[in-house]
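For reference, the structure is listed below as structure tokens.
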Amino acid sequence: MSAAAEVKIDPMHQFQIESLGGSVLDGTPFHFTNSALWMLIVLGSILFFMWGGMKRDLVPGRWQAAVESVTGFISGMALTNIGPEGRKYTPWIFTVFIFILFSNLMGMMPFGIVDAAHPFTVTSQFTVTAVLAVISFSIVLIVGFWKHGFHFFSLFVPHGTPGPLLPLIVPIELISFMVRPFSLALRLFVAMIAGHILVDVFGYFIVNGINSGTAMGYGISLISFIFIAGVNALELLVCAIQAYVFALLTSLYINDAVHLH
Amino acid sequence: MDLEAAKVIGAGLAAIGVGVAATGVGNVFGSFLQGALRNPAAADGQQGRLFIGFAAAELLGLIAFAVAMIILYAV
Chain A
-17 MSAAAEVKID
-7 PMHQFQIESL
3 GGSVLDGTPF
13 HFTNSALWML
23 IVLGSILFFM
33 WGGMKRDLVP
43 GRWQAAVESV
53 TGFISGMALT
63 NIGPEGRKYT
73 PWIFTVFIFI
83 LFSNLMGMMP
93 FGIVDAAHPF
103 TVTSQFTVTA
113 VLAVISFSIV
123 LIVGFWKHGF
133 HFFSLFVPHG
143 TPGPLLPLIV
153 PIELISFMVR
163 PFSLALRLFV
173 AMIAGHILVD
183 VFGYFIVNGI
193 NSGTAMGYGI
203 SLISFIFIAG
213 VNALELLVCA
223 IQAYVFALLT
233 SLYINDAVHL
243 H
Chain B
2 MDLEAAKVIG
12 AGLAAIGVGV
22 AATGVGNVFG
32 SFLQGALRNP
42 AAADGQQGRL
52 FIGFAAAELL
62 GLIAFAVAMI
72 ILYAV
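First to last, the protein sequences are chains A and B. Under our numbering, think of the first position of the first sequence as -17, with each following residue one higher. Under our numbering, think of the first position of the second sequence as 2, with each following residue one higher.
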């Protein structure tokens, strides 16, 4: 095997934020980055998808049926988890769901065959997912204190807790409440990172196997290719599941704030 | 033992957690199927709870993965 033809495996490179051109305002560190570009692309594709289905025909066409199934899915989720008050919170849950779903899917798109158009997964940055999680958590706090005042703290005392157990239960409930934004943000961000690293590493295996020029190298490339096709299908499923889980947990947390256990 | 070797061993040990979380996720879906096949009429209503359990089990594996990545690249 010729060592010169070997490509170095560097799976973290795809998550690097790079500036596209100079500073936006002279002398400031604000740059238009590839992350910002792909957020705009995600926004554009969401607008395209939604506007195509908002004709309000009495008999929906295919496109409108697709959009209506997504909106109906989310409003149904808010209704079953929060109850009739859930309608007020449906816009945020829908925003979170559709943004995460589209940015996950755009990151999976195979535009990378053109080198300049390598997709950037917006949700693979902890800052982005953390902002989404913090907004969800803020809604929970604001709604909870707005509706119940200081009675909101009864969230940390489950019904029928025996008195002697209170010093144990209350800190546990408090910790499990405070850790919610972190777990929301971390789950989405790590799931995206892990999937992309896996696909990337096996992509390098294919390239290195073919470059080696040996029969075993070709065999490894073929196995890796079959494996990567399966992993990509799994990743598409994970993209949808992570968006669904984020929206579902957001609606459950809002339900806690609205109804207090 | 030098630091590089210790790092790689540590990352490998952290990866055990990912495998354990895999059994947890499998347990969630397996138990759901066991219940769902006994009472298919009630299965659809419990799908939300299924994914809550899935998310909770999966999170711990993802945290183990994050620890492995931090050991490998950030320490």
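Each residue gets a CB set at the ideal place from its N, CA and C atoms; glycine is no exception.
Please name the residue in the options whose C-alpha comes closest to that of residue i.
{"i": "V240 (chain A)", "options": "A:G65, A:G9, A:V104", "result": "A:G65"}
{"i": "L259 (chain A)", "options": "A:I75, A:K70, A:A98", "result": "Because chain A here runs from -17 to 243, residue 259 (chain A) falls outside it and cannot be looked at."}
{"i": "I28 (chain A)", "options": "A:A47, A:L83, A:L168", "result": "A:L83"}
{"i": "N16 (chain A)", "options": "A:I157, A:L168, A:G3", "result": "A:G3"}
{"i": "F81 (chain A)", "options": "A:V52, A:L147, A:H130, A:R69", "result": "A:V52"}
{"i": "F171 (chain A)", "options": "B:L38, B:V76, B:F66", "result": "B:F66"}
{"i": "I29 (chain B)", "options": "B:G18, B:A56, B:V19, B:V9", "result": "In the sequence on display, residue 29 (chain B) carries Val and not Ile. Considering only alpha carbons, the answer is B:A56."}
{"i": "F209 (chain A)", "options": "A:R38, A:Q224, A:F184", "result": "A:F184"}
{"i": "L168 (chain A)", "options": "B:V9, B:G62, B:Q47, B:L38", "result": "B:G62"}
{"i": "M90 (chain A)", "options": "A:K(-10), A:H141, A:P101", "result": "A:P101"}
{"i": "F207 (chain A)", "options": "A:D182, A:D8, A:Y226", "result": "A:D182"}
{"i": "L73 (chain B)", "options": "A:S158, A:W33, A:I154, A:M(-6)", "result": "A:M(-6)"}
{"i": "S165 (chain A)", "options": "A:Q224, A:G212, A:I(-1)", "result": "A:Q224"}
{"i": "Y71 (chain A)", "options": "A:I(-9), A:S5, A:S118", "result": "A:S118"}
{"i": "F135 (chain A)", "options": "A:F30, A:P144, A:V122", "result": "A:V122"}
{"i": "I64 (chain B)", "options": "B:G54, B:D3, B:A16", "result": "B:A16"}
{"i": "Y226 (chain A)", "options": "A:L40, A:L19, A:V78", "result": "A:V78"}
{"i": "A244 (chain A)", "options": "A:T111, A:A18, A:D8, A:G131", "result": "Absent from the model: residue 244 (chain A). The displayed extent of chain A is -17 to 243, so no value can be given."}
{"i": "F(-3) (chain A)", "options": "A:Q107, A:G212, A:P73", "result": "A:Q107"}
{"i": "W20 (chain A)", "options": "A:G9, A:I(-1), A:M32, A:D8", "result": "A:I(-1)"}
Leaving out the 5 sequence neighbours to the left and right, which residues in its chain are closer than 7 Å to residue i when beta-carbon positions are compared?
{"i": "P246 (chain A)", "result": "In the structure displayed, chain A extends from -17 to 243; residue 246 (chain A) sits before or after that span and is not available."}
{"i": "A58 (chain B)", "result": "A22, G25, V26, V29"}
{"i": "A99 (chain A)", "result": "F93"}
If you measure from the beta carbon of residue i to each beta carbon in chain B, is any gap under 7 Å?
{"i": "R69 (chain A)", "result": "no"}
{"i": "L166 (chain A)", "result": "no"}
{"i": "V227 (chain A)", "result": "yes"}
{"i": "A48 (chain A)", "result": "no"}
{"i": "V172 (chain A)", "result": "yes"}
{"i": "A115 (chain A)", "result": "no"}
{"i": "R169 (chain A)", "result": "yes"}
{"i": "L230 (chain A)", "result": "yes"}
{"i": "A176 (chain A)", "result": "yes"}
Strictly under 7 Å for the Cβ-Cβ distance: is residue i near chain A by that measure?
{"i": "I75 (chain B)", "result": "The residue you asked about is not Ile; residue 75 (chain B) is Ala in the sequence shown. Not closer than 7 Å to any Cβ of chain A, the Cβ of A75 (chain B) fails to qualify, so no."}
{"i": "L63 (chain B)", "result": "yes"}
{"i": "A43 (chain B)", "result": "no"}
{"i": "F52 (chain B)", "result": "yes"}
{"i": "A12 (chain B)", "result": "no"}
{"i": "A67 (chain B)", "result": "yes"}
{"i": "A56 (chain B)", "result": "yes"}
{"i": "L38 (chain B)", "result": "no"}
{"i": "A34 (chain B)", "result": "Checking the sequence, you will find Leu at residue 34 (chain B) rather than Ala. Cβ-Cβ to chain A under 7 Å: no for L34 (chain B)."}
{"i": "A7 (chain B)", "result": "no"}
{"i": "L60 (chain B)", "result": "yes"}
Excluding the 5 residues flanking residue i on each side, which residues of the same chain have their C-beta closer than 8 Å to its C-beta?
{"i": "H133 (chain A)", "result": "L242"}
{"i": "A6 (chain B)", "result": "none"}
{"i": "E155 (chain A)", "result": "L137, F138, V139, P140"}
{"i": "F14 (chain A)", "result": "S1, L2, G3, V6"}
{"i": "K37 (chain A)", "result": "G43, Q46"}
{"i": "D238 (chain A)", "result": "V122, G126, L137"}
Buried or exposed for residue i, please, with buried defined as at least 16 other CB atoms from any protein chain shown within 10 angstroms of its CB.
{"i": "P41 (chain B)", "result": "exposed"}
{"i": "G126 (chain A)", "result": "buried"}
{"i": "V161 (chain A)", "result": "exposed"}
{"i": "M88 (chain A)", "result": "buried"}
{"i": "V21 (chain B)", "result": "exposed"}
{"i": "F93 (chain A)", "result": "exposed"}
{"i": "P11 (chain A)", "result": "exposed"}
{"i": "G26 (chain A)", "result": "exposed"}
{"i": "G68 (chain A)", "result": "buried"}
{"i": "G13 (chain B)", "result": "exposed"}
{"i": "I95 (chain A)", "result": "exposed"}
{"i": "T196 (chain A)", "result": "exposed"}
{"i": "I56 (chain A)", "result": "buried"}
{"i": "L60 (chain B)", "result": "buried"}
{"i": "P163 (chain A)", "result": "buried"}
{"i": "G31 (chain B)", "result": "exposed"}
{"i": "G35 (chain A)", "result": "buried"}
Leaving out five residues before and five after residue i in sequence, what residues of the same chain have Cβ atoms less than 6 Å from its Cβ?
{"i": "S203 (chain A)", "result": "I188, G191, I192"}
{"i": "S85 (chain A)", "result": "V24, V104, T105"}
{"i": "L51 (chain B)", "result": "F33"}
{"i": "I151 (chain A)", "result": "T143"}
Please confirm whether any heavy atom of the ligand FAD lies closer than 6 Å to the CB of residue i.
{"i": "F93 (chain A)", "result": "The ligand FAD is absent from the structure shown, which contains no ligand whatsoever."}
(request) Evaluate the contact criterion for the stretch 170 to 184 of chain A versus the stretch 216 to 225 of chain A: three or more CB pairs, one atom per stretch, below 8 Å. (result) yes
(request) Assess, as a yes-or-no matter, whether the stretch 227 to 237 of chain A is touched by the stretch 48 to 63 of chain A under the definition of 3 or more beta carbon pairs within less than 8 Å. (result) yes
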